[in-house]
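Protein chains in written order, with the numbering used here: chain X, 5 to 380; chain G, 14 to 552.
Cβ coordinates follow ideal geometry from the N, Cα and C atoms, glycine included.
Structure first, then comments.
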């Protein structure tokens with residue numbers, strides 16, 4: 005089946021899959037956003053326990069999606085993996101540390117003998133929520149704004165900036181995307197709490213926080229979108245040469261009408277979820293904003309990678325810029341993995357089933373106080 | 014970059030990988046084995062309705078949860094380290110190595126992370142059978158996670174199913190099944206997971222023995238010891254079998270590593286197996302071209318056993334380290350210097366082709382032809398990595414050949430500690446089964462103490478296995494094709510030092526916390542409010 009497809013189609017197919025994983029990751033970062041809100045929403049220990057446990061049952065999905073996103077990128081576009089991870093060394097290392105400390109914090113937080121104390125683990129969860137989201141957003145920003153690297157004829161990378169990736173934070177557009185992701189994660193986290201926890205007090209406080217976080221999110225997002233639409237990107241011409249193109253991503257939007265329509269639909273869903281939560285007090289806002297987030301982020305990746313674009317532009321050596329064609333795996337590997345990708349709907353189905361089984365009864369105080377339950 | 018900088022960079026990158034891998038491996042084998050033991054226990058609960066089995070399941074599940082979280086945390090670093098610290102390697106093999114990692118994520122990690130949530134939080138939310146199924150799927154998912162990374166590791170030791178593409182300057186997969194089902198991959202997976210089941214069994218027996226020594230939780234302890242001993246014994250027998258097969262694979266594909274495992278300096282017929290030994294001056298023995306220096310201070314040997322285990326013939330020849338270094342015409346072994354020359358030829362051919370192609374020269378097509386010539390690829394290109402040690406005019410006995418010898422003492426001692434401890438645990442399982450069946454296990458305090466002390470030993474054994482595997486194959490990151498110097502990311506070594514220290518501090522802090530929590534939970538024992546069912550009478 006997949007053998008019949010040409011290499012470019014397979015490369016596009018895998019760009020879509022990797023992008024979808026990235027989009028799901030951004031949605032699932034409601035866990036990170038929620039982690040930065042324990043102090044603002046939980047006034048008593050029981051309330052805090054409910055908040056921690058609401059996220060504690062989901063953190064592994066985010067974590068696994070991050071790992072799979074990395075693995076899928078390695079498998080389908082190994083030149084990006086070797087170039088960006090090896091070059092933007094410090095950014096990725098800090099992101100990794102932020103996630104390492106998260107993984108244990110839920111399990112260790114309230115256990116006797118945990119050595120560092122409950123507050124430390126809560127601090128680590130906050131650190132993960134703050135640094136993880138902002139740095140991932142900043143790193144993804146370089147898909148549009150570029151990075152400082154060059155490749156030799158063996159495709160060995162040299163990073164041309166002494167800060168090894170931290171310089172990305174000096175670009176306001178990248179930071180703008182970083183804060184977009186941060187505030188979006190907080191908005192999604194608030195909606196998740198509203199949906200999952202049976203506590204009127206928490207819900208009221210979450211609603212108040214919604215306005216405080218939705219406004220900066222929308223402002224950062226619109227600023228970033230405007231910035232990349234007027235940005236001069238790179239395009240690959242027929243002989244493989246990379247040339248600058250003013251308004252590249254604006255052109256991409258109009259050259260790919262499906263992307264344009266889906267992007268706008270995604271944005272509308274995001275805003276609809278926020279509006280329903282703030283003005284109508286709906287508990288279902290997470291689903292609108294969540295689905296909208298996945299679609300919007302997915303389409304942003306489409307803008308970065310398709311239509312003869314360079315999805316990882318090089319600022320110091322434009323001809324070294326990465327495209328889905330020069331960075332991809334061989335046809336054989338893409339075909340093999342495409343068969344594996346057929347399992348994704350099945351995986352999604354059992355995730356949904358298990359999620360519903362655990363979430364069908366909202367978290368409440370009685371459950372937290374029942375010592376026969378496993379609580380964080 | 015200057016040579017001294019590169020040496021520091023490679024060394025620190027290796028230290029970092031070793032640190033993170035060894036920390037990760039403190040937690041993974043317990044997860045792999047304990048997940049199945051928990052599944053067995055819960056199955057007994059569901060089948061018999063005996064509430065005591067539920068309490069036992071929940072007790073071990075609590076310890077499993079503490080261990081699982083830190084295993085996940087330390088594993089994240091490893092996956093990304095291939096890119097951050099070994100970027101040239103990532104490109105060189107990404108077409109092959111990346112696929113198993115992606116499949117691992119899609120097929121195994123999601124299964125594990127989805128059903129573990131049901132396993133921990135679903136006791137009062139889903140049916141008994143769905144909960145049991147989730148526990149089994151968590152165990153299967155955890156073990157499937159190990160499949161793909163071990164396939165990738167096996168490929169690095171024994172590259173198969175690929176073809177070099179000079180246009181992209183990398184290896185590309187041409188046969189997935191050769192990668193997935195190579196002898197090395199199958200045996201490596203089986204040996205690794207079976208030894209992990211042994212580790213988890215020793216842990217369960219050791220904790221249970223501690224309870225018996227303190228006259229606590231006797232039902233839990235006895236049932237757990239019996240189940241873990243049976244599971245452990247089956248795993249131990251499988252570990253011995255797969256270990257033997259793995260060693261034969263190593264002898265065939267990585268003869269230098271095999272020789273280092275046995276500190277076998279000079280090859281000859283009817284080679285004995287060193288049951289015990291102390292390695293002497295290895296450097297001197299490596300430079301002894303006469304074969305008189307066996308490199309050992311002392312060795313307790315089993316006659317002809319190494320020849321027999323390697324070739325099924327006690328009189329057969331087993332090459333030693335010096336045969337592999339300086340060549341052995343009688344047995345058709347190429348000298349390392351000759352491999353270096355061929356590797357250099359392959360590297361030069363690739364460079365010439367790439368430069369000609371970039372310049373648009375017409376001879377590029379001619380220069381590409383050797384890469385399509387199977388004979389040249391098989392006889393010359395297969396030593397591509399050796400080319401990095403090239404020195405013009407060097408003869409067979411020049412010093413540059415010594416670069417391909419792994420640390421001999423470390424490999425030898427790690428291998429022997431692993432084997433010795435492995436046999437001790439096998440004996441422990443047998444003794445425990447016999448004593449539990451006779452109802453005397455709680456009376457044999459010496460064995461109970463030995464079981465408790467076996468807990469740290471089983472971790473030493475498991476880590477030694479990985480030291481043999483990874484240190485023994487130095488300097489190669491991909492056997493014969495790429496060494497660590499070629500593979501490393503060219504960044505300043507200070508960045509690697511700083512991240513290594515950072516990981517060292519974070520992981521050590523988390524390990525202290527994990528051990529502290531584990532000990533508290535073990536001291537706490539079963540939940541006090543849980544009643545013992547009438548079926549558990551007699552205690």
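What's the gap between the Cα of residue i and the Cα of residue j?
i, j, result
"residue 443(G)", "residue 432(G)", "17 Å"
"residue 586(G)", "residue 526(G)", "This structure cannot settle anything about residue 586(G), because the visible part of chain G is limited to 14 through 552."
"residue 19(G)", "residue 405(G)", "21 Å"
"residue 51(G)", "residue 315(X)", "46 Å"
"residue 188(X)", "residue 28(X)", "13 Å"
"residue 506(G)", "residue 171(X)", "19 Å"
"residue 260(X)", "residue 82(X)", "26 Å"
"residue 522(G)", "residue 119(X)", "9 Å"
"residue 140(X)", "residue 449(G)", "55 Å"
"residue 497(G)", "residue 23(G)", "7 Å"
"residue 427(G)", "residue 85(G)", "26 Å"
"residue 195(G)", "residue 182(G)", "24 Å"
"residue 509(G)", "residue 363(X)", "43 Å"
"residue 229(X)", "residue 417(G)", "54 Å"
"residue 485(G)", "residue 268(X)", "56 Å"
"residue 545(G)", "residue 289(G)", "Residue confidence for residue 545(G) is low, a pLDDT of 41 falling below 50, so the modelled location carries little weight; the figure read from the coordinates is stated next. Their backbone Cα atoms lie some 49 Å apart in a straight line."
"residue 257(X)", "residue 177(G)", "39 Å"
"residue 370(G)", "residue 272(X)", "50 Å"
"residue 50(X)", "residue 368(X)", "9 Å"
"residue 19(X)", "residue 306(X)", "8 Å"
"residue 355(X)", "residue 60(X)", "16 Å"
May I ask you to list the residues that DSSP assigns as paired with residue i?
i, result
"residue 183(G)", "178(G)"
"residue 332(G)", "Note: residue 332(G) sits in no beta bridge, so no partner."
"residue 309(G)", "292(G)"
"residue 282(G)", "330(G)"
"residue 386(X)", "With chain X covering only 5 through 380, there is no way to say anything about residue 386(X)."
"residue 291(X)", "None; residue 291(X) has no bridge partner."
"residue 249(X)", "237(X)"
"residue 326(X)", "316(X)"
"residue 314(G)", "287(G)"
"residue 341(G)", "346(G)"
"residue 162(X)", "154(X)"
"residue 4(X)", "For chain X, the structure presents residues 5 to 380; residue 4(X) sits outside this window and is missing."
Please report the Cβ distance between residue i and residue j, rounded to the nearest whole angstrom; I am assuming they are in contact, meaning their Cβ atoms lie under 8 Å.
i, j, result
"residue 455(G)", "residue 229(G)", "The pair is not a contact, with the Cβ atoms about 11 Å apart (cut-off 8 Å)."
"residue 358(X)", "residue 148(G)", "The Cβ separation is near 13 Å, so there is no contact."
"residue 159(G)", "residue 207(G)", "So it is not a contact: roughly 11 Å between Cβ atoms."
"residue 152(X)", "residue 164(X)", "4 Å"
"residue 479(G)", "residue 398(G)", "The pair is not a contact, with the Cβ atoms about 22 Å apart (cut-off 8 Å)."
"residue 170(G)", "residue 191(G)", "Their Cβ separation, rounded to whole angstroms, is 14 Å, which puts residue 170(G) and residue 191(G) out of contact at 8 Å."
"residue 138(X)", "residue 218(X)", "No, residue 138(X) and residue 218(X) are not in contact; Cβ-Cβ is about 18 Å, not under 8 Å."
"residue 72(G)", "residue 539(G)", "5 Å"
Buried or exposed: where does residue i fall if 16 or more other Cβ atoms within 10 Å of its Cβ makes it buried?
i, result
"residue 262(X)", "exposed"
"residue 1(X)", "No information on residue 1(X) is available, as it lies outside the stretch 5 to 380 that chain X covers here."
"residue 196(X)", "buried"
"residue 243(X)", "exposed"
"residue 282(G)", "exposed"
"residue 1(X)", "In the structure as shown, chain X begins at 5 and stops at 380. Residue 1(X) is therefore absent and cannot be evaluated."
"residue 13(X)", "exposed"
"residue 108(G)", "buried"
"residue 110(X)", "buried"
"residue 249(X)", "buried"
"residue 132(X)", "buried"
For chain A, is any of its Cβ atoms less than 8 Å away from the one on residue i?
i, result
"residue 162(X)", "The question asks about chain A, but that chain is absent: this structure's protein chains are X and G."
**OP:** Please go through the stretch 345–432 of chain G and give each complete beta strand (DSSP E) segment of 3 or more residues, from N-terminal end onward.
**Re:** none
Subject >> Unbroken stretches of the alpha helix (DSSP H), 4 residues or longer, contained in the stretch 47–108 of chain G >> reply: 64–97
**OP:** Run through the stretch 193–227 of chain G for me and flag every whole alpha helix (DSSP H) of 4 or more residues, listed as ranges in chain order.
**Re:** 196–226
Original post:
What residue ranges within the stretch 59–97 of chain X form continuous alpha helix (DSSP H) runs of no fewer than 4 residues, ordered along the chain?
Top reply: 63–80
**OP:** List in chain order: all unbroken alpha helix (DSSP H) runs of 4+ residues lying wholly within the stretch 129–155 of chain X.
**Re:** 137–149
Subject >> Entirely enclosed beta strand (DSSP E) segments - the stretch 344–377 of chain X, minimum 3 residues >> reply: none
Subject >> Inside the stretch 483–524 of chain G only - alpha helix (DSSP H) runs reaching at least 4 residues >> reply: 497–500, all fully within the stretch 483–524 of chain G.
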